[in-house]
Amino acid sequence: MISDDIVHGHRQELRRGTAALACLTLLATEPDYGYNLIGRLEALGIEIEANTLYPLMRRLEKQGLLTSEWDTTESRPRKFYRTSAEGLEVIAVLRRDWTALSHAIDQIGDLP
Amino acid sequence: MTLTDRYVAAVVAHVPAAQRTDIEAELRASIADAIDAQPEPASADSERTVLQELGDPELLAATYAERSLYLIGPKLFLTWKRLVVLLLWIVVPIVGALNILSGLLDGDDFWPIVGTTLGAMWGTAILILFVVTLVFAVMERSDDPADLPSEWTLDSLGDAPQPNVTWGDTIASALTLVITAALIVWQQVAPWTHNAAGEGLPVINPELWSFVLPALLVVMGIELVTVIVRQVRGHWTMRDWVICLALNVAVLALVLPPLLQHTFLNRELFTELGWPDAASPITLGQLELIIAGVIVITALTDVIPAWRKASAAVQAN
């Protein structure tokens, strides 16, 4: 019997690279703040911990893939992120890769 | 102070000052949002649950600051390991052999020689490990650790055509070595102070001439040769850096033990001078610690630029 740890490790590795893509894509459709984005990702079945997502958004901003703006109109000021033009280019590249990989895995066909 | 205040303070204490205000404001809003989303937002338990999920504040800060959570990462680890092994094989046997030789010359008995030799070899090994690890940990945290050649075979690091050894560097290094060596010899053969009986009192403990000071002069002599060889060749190689590191480690291995055991300065001279006395701001022991600190810093300022020059020359190749 294969241990849960091993399975968990592989699943985590598979998902790790998709966090940035999911984040960029969602913020391209609608700008958002960190806490709310967690909910949107969760609704899609993509689980990212808060302590991973917040630093990830800042890193993407630093790389110029996201832009941000403080919204102070409400009683609680929030930092809203939006995907930049460069971010959209990166999405296009990553999506192409994603499709190609998915296609490649499918091509292998059913297991005996 | 609420739990959130304490948590946020613990996070921002570990992020760069420039990002502190922004990260703090964003983190506070996120925590408040998460607490409001809890089943019982106003209760203390809600706050605890949210903060507990965010985890160790220092880990979160490191993720924000993109700081590595290891001393030496995969990029440098193999180079670090090879260098440690190489230096241990070169330096430790030399220190062992020199100790045995000086023990024999002093006419010591067998077991005391074995004891001091093993002690010196062990001390040297620990020092090599410490200094190399320190240098690599600094390199790991420098701006671009990527400029180390990934495939580190000695062949590929052979000759770099780019001349990057300047006369200024060479003359400065050579003069420093010669003047330091001259001062070490001079303070012994022509002491500036004499005791009542007319005997000269050198600054450095004359007992160190049994091994430490001659060995130090030998190491400095080798260093002078390498400086000249490098000037003739015209460029740095990785091997130069390894030798530079080895020589610096050897210097530290020689002078740190007497400095830290407070046997480096000649007590008799300072008693004769009457300084430092009870009214002096520092003691001789503290003076020796300061000298030790200066020597360690000097070694680091020698080794780190040497690494930059060597890797730049290898890159240019």
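Chains A and B, in that order, are what the protein sequence lines are. For the first sequence, the working numbering assigns the number 1 to the initial residue and increments by one for each residue that follows. For the second sequence, the working numbering assigns the number 1001 to the initial residue and increments by one for each residue that follows. The C-beta atom is built at its ideal place from N, Cα and C for all residues, glycine as well. It should be emphasised that the depicted structure is a prediction, and the values quoted were computed from it without experimental measurement.
From residue i to residue j, what distance separates their C-alpha atoms?
| i | j | result |
| --- | --- | --- |
| residue 1235 of chain B | residue 1307 of chain B | 13 Å |
| residue 1149 of chain B | residue 1074 of chain B | Bear in mind that the predicted position of residue 1149 of chain B carries a pLDDT of just 48, short of 50, making it unreliable; the figure below should be weighed with that in mind. For residue 1149 of chain B and residue 1074 of chain B, the distance between alpha carbons rounds to 13 Å. |
| residue 85 of chain A | residue 65 of chain A | 7 Å |
| residue 43 of chain A | residue 1301 of chain B | 55 Å |
| residue 8 of chain A | residue 27 of chain A | 28 Å |
| residue 1228 of chain B | residue 1251 of chain B | 19 Å |
| residue 1180 of chain B | residue 1070 of chain B | 39 Å |
| residue 1032 of chain B | residue 1003 of chain B | 12 Å |
| residue 1164 of chain B | residue 1253 of chain B | 30 Å |
| residue 1145 of chain B | residue 1203 of chain B | Confidence is the limiting factor: at residue 1145 of chain B the pLDDT is only 43, short of 50, which leaves the residue's position unreliable, though a coordinate-based value still follows. So the alpha carbons of these two residues sit roughly 43 Å apart. |
| residue 1201 of chain B | residue 1292 of chain B | 22 Å |
| residue 1120 of chain B | residue 1258 of chain B | 12 Å |
| residue 1128 of chain B | residue 1027 of chain B | 43 Å |
Helix, strand or coil for residue i per DSSP?
| i | result |
| --- | --- |
| residue 102 of chain A | helix |
| residue 1136 of chain B | helix |
| residue 70 of chain A | strand |
| residue 1304 of chain B | helix |
| residue 1264 of chain B | coil |
| residue 1007 of chain B | helix |
| residue 1067 of chain B | coil |
| residue 44 of chain A | coil |
| residue 83 of chain A | strand |
| residue 118 of chain A | Because chain A here runs from 1 to 112, residue 118 of chain A falls outside it and cannot be looked at. |
| residue 1072 of chain B | coil |
| residue 65 of chain A | coil |
| residue 29 of chain A | helix |
| residue 109 of chain A | coil |
| residue 1237 of chain B | coil |
| residue 4 of chain A | helix |
| residue 1014 of chain B | coil |
| residue 1002 of chain B | coil |
Let me see if you follow: with CB-CB separation under 9 Å, is residue i close to chain A or not?
| i | result |
| --- | --- |
| residue 1283 of chain B | no |
| residue 1145 of chain B | The predicted model places residue 1145 of chain B with a pLDDT of 43, which falls under 50 and marks its position as unreliable, so this point remains unresolved. |
| residue 1064 of chain B | yes |
| residue 1024 of chain B | no |
| residue 1003 of chain B | no |
| residue 1034 of chain B | yes |
| residue 1042 of chain B | no |
| residue 1210 of chain B | no |
| residue 1053 of chain B | yes |
| residue 1059 of chain B | yes |
Using a 10 Å radius around the Cβ and a threshold of 16 neighbouring Cβ atoms, would you call residue i buried or exposed?
| i | result |
| --- | --- |
| residue 1290 of chain B | exposed |
| residue 72 of chain A | exposed |
| residue 1299 of chain B | buried |
| residue 1160 of chain B | Legend: pLDDT at residue 1160 of chain B = 45, less than 50; position of this residue unreliable, no value from coordinates given. |
| residue 977 of chain B | Absent from the model: residue 977 of chain B. The displayed extent of chain B is 1001 to 1317, so no value can be given. |
| residue 1313 of chain B | buried |
| residue 1240 of chain B | buried |
| residue 1309 of chain B | buried |
| residue 75 of chain A | exposed |
| residue 1237 of chain B | buried |
| residue 50 of chain A | buried |
| residue 12 of chain A | exposed |
When the cut-off is 9 Å and only beta carbons count, does residue i lie next to chain B?
| i | result |
| --- | --- |
| residue 52 of chain A | yes |
| residue 17 of chain A | no |
| residue 49 of chain A | yes |
| residue 34 of chain A | yes |
| residue 40 of chain A | no |
| residue 78 of chain A | yes |
| residue 112 of chain A | no |
| residue 82 of chain A | no |
| residue 55 of chain A | yes |
| residue 98 of chain A | no |
Does the Cβ of residue i lie closer than 8 Å to at least one heavy atom of the ligand ADP?
| i | result |
| --- | --- |
| residue 1313 of chain B | Judged by which ligands are present, the structure shown has none, so any question about the ligand ADP falls away. |
At least three beta-carbon pairs within less than 8 Å, the segment 19–38 of chain A to the segment 104–112 of chain A: no
The segment 72–85 of chain A touching the segment 1002–1011 of chain B, judged by at least three CB pairs closer than 8 Å: No: the two stretches stay apart, fewer than three of their Cβ pairs being nearer than 8 Å.
Inter-stretch contact (C-beta, 8 Å, three-pair minimum) for the segment 1207–1221 of chain B and the segment 1189–1196 of chain B: no
Touch test, the segment 1263–1283 of chain B against the segment 1085–1102 of chain B, Cβ-Cβ under 8 Å, three pairs minimum: no
Sufficient close CB pairs (3 or more, under 8 Å) joining the segment 1127–1136 of chain B to the segment 1067–1087 of chain B: The segment 1127–1136 of chain B, when compared against the segment 1067–1087 of chain B, does touch it at the 8 Å Cβ threshold.
Three CB pairs or more closer than 8 Å across the segment 1109–1122 of chain B and the segment 1061–1078 of chain B: no
Inter-stretch contact at 8 Å, needing at least 3 Cβ pairs: the segment 1038–1057 of chain B / the segment 1017–1025 of chain B: The answer is no - the segment 1017–1025 of chain B does not touch the segment 1038–1057 of chain B, with fewer than three Cβ pairs under 8 Å.
Contact between the segment 8–26 of chain A and the segment 87–102 of chain A (3+ Cβ pairs under 8 Å): Yes, the segment 8–26 of chain A touches the segment 87–102 of chain A.
The segment 1058–1065 of chain B in contact with the segment 1089–1100 of chain B per 3-pair CB rule at 8 Å: no
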